[in-house]
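According to the working numbering, the sequence shown is numbered sequentially starting from 1325. Don't be surprised by glycine CBs; every beta carbon is placed ideally from N, CA and C. In what follows, a structure is listed as structure tokens, so that the remarks can point back to it.
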Amino acid sequence: MATIHAESKAVRGPDLPATITPALLGRLAALVAAAPGAERTTTSAPYTGLPLADLPVSTPDDVDEAFARARVAQRGWAATPVRERKRILLRYHDLVLARRNEVLDLMQAENGKTRRDAFLEVVDIGIVSRYYARTAEKYLRPKRRRGAIPLLTRTTELRHPKGVVTVVSPWNYPLSMAASDTVAALMAGNAVVQKPDTQTALTALWSMDLLREAGLPEDVWQMVIGRGSSIGGALMDNADYMMFTGSTATGRHIAADAGRRLIGASLELGGKNPMIVLDDADIDKAAAGAVAACFPSAGQLCVSVERLYVPESLRDDFIAAFVARTRELAVGGAYDYSMDVGSLTTPAQLATVTDHVNDAVAKGATVLAGGRPRPDLGPLFHEPTILTDVTPDMTLHSHETFGPVVSVHTYRDDEEAIALANATPYGLNAGVWSRCGARGRAVAARVHAGTVNVNEAFAAAWGSVDAPMGGMGDSGLGRRHGADGILKYTDPQTVAHQRLQGFTPPPGISPETWATLLTGSIKLLKAIGAR
């Protein structure tokens, strides 16, 4: 098997940075909504496997209490002018950027990603916070709508917050997923009770603490910690809306529970994302794009690429360029910008990646780069891995690996490439590479995915926060970003004020005559082009 030629740049088990002090850990743990004397749980640092944080565990009663406080706080928050909410969110924006090194250290310590990947989360929160601070008033203000009878019906659409939103956020992007959905819900006038994944709860708690420092009333955003099997029922039963990011299997259960309660839900779920290299693509740029698409955050990214399709005519040249770039990646743990690929986050994720690769190799797949864990670097590192000769009987062919592993396949023409890319129940993200922008966009429009990037990995679509982002098929429902990302947290209300004359006949006119007059009016409106 090929190995990664970067051992000299790697550091095994770096000590925690000086910013992560016992005082900080204790202060963040104290923010968890849990009763005094609560059961405790301990997380570990992926780089070393050593204990990191000691956190209280919330009970269902703690969740109920958090929602009770949130409901009281939400009424005052909803009455707070949008302009004041905007000022708070813009202060939060500034604080996140100014104190980015604190949260970069926290993200690396509890997630294991590189500093480069962690920094993109800071950028994301800066962009999203600014966007909703500056656009919420436009999205939420009352809007005049066409009335039933021109000039006589005054119709207005109002937007009311849902109430208290439950946000369940994952471990792989602990700042982006903890804060980006939450700030939209808050700007819409809701309160939030959130359950971050326990492994990366420190980052979520840091974000909440910073927004409170920016001026958010304390009970408007609260955090609970615990297993879904313990507190998931309380989170669902109290929610006025559910925002979930995680596995498709869990998402199905949440959708069913939300349906039972007749509340809305937005679900970003799994993916098996494809990248298509068209036959006119610049090979070097596409190879660099593939590295950027497959290996950020050690592949633990919902929108990262796990299936790569190249034309038969470019196969050898593309693979040579892709493999060469992958072998140059620096793999290891360091609290600076020197590493390209960091650690996996949990032993379970390392086991999944290892099992998928071993299963594929045992059934005939060829390893072109990587292919093995790297315990010499730390307990949870795995080399960026490129496989070919992957067949449908192999687990990783169709199932999400969620690690630094990609399979390369060939195709004959554009039609086959599109068919192969769409041969999955998922539909989250995709990439298309071409020298011709129009051709790339035309192919992208035929790929079954909520976001498709042309000549980019995923950041172009993800960073375009004025446009909706989310999945099709088994990759979920609902959207974050754009108008959808904030309006989903509201209930629309129509207020129609009828003046002078309605649809009933006025005095002195028979129903038959009135029907004739109304029919004529409707025909006239069509004739003059009225909508």
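Annotated as distal: Ser1504 and Arg1770, with beta-carbon spacing of 8 Å or more. Counting only runs of at least 4 residues, the segment 1666 to 1691 fully encloses the following alpha helix (DSSP H) elements, listed from N- to C-terminal order: 1671 to 1686. Counting only residues of its own chain and dropping the five nearest sequence neighbours on each side, Asp1448 has a CB closer than 7 Å to the CB of Ser1500 and Ser1504. A Cβ-Cβ separation of about 4 Å places Gly1727 in contact with Gly1623 under the 8 Å criterion. DSSP places Gly1802 outside both helix and strand once states are collapsed to three, so it counts as coil. Taking the CA atoms as reference points, Val1427 sits about 7 Å from Trp1530. Within the model, the alpha-carbon separation for Arg1855 versus Val1819 is close to 20 Å. Out of His1577, Ala1693 and Pro1620, the CA that lies nearest to the CA of Ile1643 is found in Ala1693. Shown here for Gln1817: same chain residues with a beta carbon closer than 8 Å to its own, the five before and five after excluded, namely Glu1481, Leu1482, Arg1483 and His1484 in chain order.
Counting C-beta atoms within 10 angstroms of its own C-beta, Thr1438 has 16 or more neighbours from the protein chains shown and is therefore classed as buried. Distances from the CA of Gln1398 to each of Glu1739, Ser1834, Ala1563 and Val1778 were compared; the closest alpha carbon is that of Ala1563. Under the three-state reduction of DSSP, Gln1624 is assigned to coil, being neither helix nor strand.
Distance from the CA of Thr1366 to the CA of Val1452, rounded to the nearest whole angstrom, comes to 31 Å. One alpha carbon belongs to Ala1362, the other to Thr1524, and they sit about 19 Å apart. The Cβ-Cβ distance between Phe1782 and Asn1746 does not fall below 8 Å.
Separation of Leu1379 and Trp1495 (C-alpha to C-alpha, rounded to the nearest whole angstrom) is 15 Å. Each of Ala1359, Ala1377, Gly1373 and Asp1385 was checked against the Cα of Gly1350, and the nearest Cα belongs to Ala1377. In this structure, Val1685 lies away from Thr1650, with their beta-carbon atoms at least 8 Å apart. Between the alpha carbons of Ala1645 and Ala1610 lies a gap of roughly 9 Å. Between the C-alpha atoms of Asp1608 and Asp1543 there is a straight-line separation of about 52 Å.
Pairing Thr1837 with Gly1826, the inter-Cα distance amounts to about 15 Å. Here the alpha carbons of His1733 and Ala1612 stand approximately 17 Å from one another. Straight across, the Cα-Cα distance linking Glu1434 with His1723 is about 26 Å. One Cα belongs to Thr1404, the other to Arg1411, and the distance between them is close to 11 Å. Taking His1680 as reference, the option from Pro1716, Asp1385, Asp1603 and Ala1589 with the minimal CA-CA separation is Pro1716. Arg1698 is classed as buried because its beta carbon has at least 16 other beta carbons within 10 Å across all chains shown.
Between the segment 1466 to 1475 and the segment 1380 to 1391, the count of C-beta pairs closer than 8 Å stays below three; the two stretches do not touch.
Residues of the same chain with a CB within less than 6 Å of the CB of Gly1550, apart from the 5 flanking positions on each side, are Val1381 and Ser1382 in chain order.
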